[in-house]
Amino acid sequence: MVTNTNIESIALKVEKAYQKVIKAVIAVFAISFVLLGLPGLTSSALAGPGGTTVEGTVIRFDVRNVKKSVEWYTEVLDMKEAFGSDSYAQVFYPEQAETQIGLSQNDYPQSGTATATLVVNDIFAAQNSIFSKGWYVEDLCASSEYTPEIVLAFFCDPDGNNLALRQDDFMFEILLPVCGAPMCSNY
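Here the sequence shown is numbered in this note's numbering, starting from 254 and rising by one per residue.
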């Protein structure tokens, strides 16, 4: 037999559980406002010029043949094609879709001093992946004598554009030589 005392006890437990749920919902909203900020009161983590928001980055390279370049970037670097035509295409990693490489048709591409750098969490695995696809990647080097934990390995695309692999938290038993200039040069 259910007594009034049992019903009151159950009702009290339900009310306490309800209050805990309400407190949790309020806490979630409060944390969301703190972490996400209120518009106009916080600055964007991706603040751009003139108060704009940076929504992505495209590094553009001139290439002789857009179709062949897209094939190289998708096969050797495991990137995906965002869109493309005979004269221009963009490739990207789905996990970092806001950062892309643009490939622009130019019969006489000139390699400049810009280097597109792919920041990876395991530079050896990335280097071996590119090697296994028949492409040369230079030995690892330290970005500077002051930051030996940031290491790079340079390589070129088929049109002589500079690319590099980079790992920011590399720990090695010996100090690596400091990097020189990227190795690419157009013909």
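A virtual CB, placed ideally from N, CA and C, is assigned to each residue, including glycine. Keep in mind the model is a prediction, meaning the values are calculated, not measured.
Just mark residue i as buried or exposed, buried being the case when its beta carbon has 16 or more other beta carbons within 10 Å.
{"i": "N415", "result": "buried"}
{"i": "L418", "result": "buried"}
{"i": "D412", "result": "buried"}
{"i": "L371", "result": "buried"}
{"i": "D315", "result": "buried"}
{"i": "Q363", "result": "exposed"}
{"i": "S322", "result": "buried"}
{"i": "A350", "result": "exposed"}
So residue i is in the beta strand (DSSP E); what residue range does that whole segment cover?
{"i": "F345", "result": "Y341 to F345"}
{"i": "N415", "result": "N415 to Q420"}
{"i": "A378", "result": "Element bounds for A378: not the beta strand (DSSP E) but the alpha helix (DSSP H), I376 to S385."}
{"i": "V329", "result": "Looking at the DSSP string, V329 is not in any beta strand (DSSP E); the run it does join, the alpha helix (DSSP H), is V319 to V329."}
{"i": "T370", "result": "T368 to V372"}
From the DSSP secondary-structure annotation, give me the bridge partner or partners of residue i.
{"i": "D315", "result": "S357"}
{"i": "L405", "result": "C394 and R419"}
{"i": "G337", "result": "A342"}
{"i": "T400", "result": "Note: T400 sits in no beta bridge, so no partner."}
Measure the alpha-carbon distance for residue i versus residue j and round it to whole angstroms.
{"i": "A378", "j": "G387", "result": "15 Å"}
{"i": "G337", "j": "L428", "result": "43 Å"}
{"i": "V311", "j": "A335", "result": "12 Å"}
{"i": "T327", "j": "P430", "result": "31 Å"}
{"i": "R313", "j": "Y399", "result": "30 Å"}
{"i": "M424", "j": "E402", "result": "6 Å"}
{"i": "I376", "j": "G433", "result": "18 Å"}
{"i": "V373", "j": "Q420", "result": "5 Å"}
{"i": "K320", "j": "V404", "result": "31 Å"}
{"i": "Y361", "j": "Y341", "result": "15 Å"}
{"i": "G410", "j": "D422", "result": "A quick correction: the sequence has Asp, not Gly, at residue 410. Going by the C-alpha atoms only, they are around 26 Å apart."}
{"i": "T352", "j": "Y389", "result": "24 Å"}
{"i": "E348", "j": "L265", "result": "48 Å"}
{"i": "F345", "j": "S396", "result": "25 Å"}
{"i": "P435", "j": "G355", "result": "20 Å"}
{"i": "V329", "j": "I383", "result": "6 Å"}
{"i": "C437", "j": "Q380", "result": "17 Å"}
{"i": "F408", "j": "S385", "result": "14 Å"}
{"i": "A369", "j": "E268", "result": "59 Å"}
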